[in-house]
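Below is one structure, written out as structure tokens, with a few remarks after it.
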Amino acid sequence: EMLLAALGDAAGGESDVLLVIDVQNDFCPGGALEVASGDEVVPLCNALVERFRHVVFSQDWHPAEHMSFAPNNAGAAPYEVVQAAYGEQTLWPTHCVQGGAGAAFHA
Numbered sequence: 289e290m291l292l293a294a295l296g297d298a299a300g301g302e303s304d305v306l307l308v309i310d311v312q313n314d315f316c317p318g319g320a321l322e323v324a325s326g327d328e329v330v331p332l333c334n335a336l337v338e339r340f341r342h343v344v345f346s347q348d349w350h351p352a353e354h355m356s357f358a359p360n361n362a363g364a365a366p367y368e369v370v371q372a373a374y375g376e377q378t379l380w381p382t383h384c385v386q387g388g389a390g391a392a393f394h395a
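So the sequence shown is numbered by my numbering: it starts at 289 and just counts up by one.
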């Protein structure tokens, strides 16, 4: 509420854009790559969406066989760092798989 009050009428101009980044089920409590209290931003995001003319949502979105998923690398564990053709790659738990419930936006 404090942020909304501070914005006043400043948001929603013709050139103002709200960018909502990766507010997805797998990053919320209970998700594959959960962020503690990650779901607490949802009410604020929903309120802000109503105040902007232009809203862009980004979505983490991986094929199931993505090389950055630890289970797709024999003997590897999440958060290990491996050498890839382009440099170091942190291995992640499988998350935000294309078309899966975890990749969906959190409501």
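Note that the Cβ used here is the ideal one computed from N, Cα and C, for glycine as well.
Whole-angstrom distance between residue j and residue i, CA atom to CA atom
| i | j | result |
| --- | --- | --- |
| Val337 | Gln386 | 24 Å |
| Gly388 | Asp310 | 14 Å |
| Phe315 | Val308 | 13 Å |
| Gly301 | Asp348 | 28 Å |
| Gln312 | Glu328 | 12 Å |
N-terminal and C-terminal residue of the alpha helix (DSSP H) that residue i is part of
| i | result |
| --- | --- |
| Leu336 | 330-337 |
Cβ pair residue i, residue j closer than 7 Å
| i | j | result |
| --- | --- | --- |
| His394 | Ala320 | no |
| Leu306 | Val343 | yes |
Segment limits, beta strand (DSSP E) that includes residue i
| i | result |
| --- | --- |
| Phe345 | 342-346 |
| Ala372 | 369-372 |
| Gly375 | 375-378 |
| Leu307 | 305-309 |
Residue-chain proximity (residue i, chain D), Cβ-Cβ < 7 Å
| i | result |
| --- | --- |
| His383 | Within the model displayed, chain D is absent; a lone protein chain is all it includes. |
Closest Cα partner of residue i within the set the options
| i | options | result |
| --- | --- | --- |
| Arg339 | Glu376, Ser303, Asp348 | Ser303 |
| Phe345 | Ala324, Glu322, Gly301, Asn334 | Asn334 |
| Ala293 | Val305, Leu306, Leu332 | Leu332 |
| Trp380 | Pro351, Val330, Pro359 | Pro359 |
| Ala365 | Ser356, Ala372, Ala373 | Ser356 |
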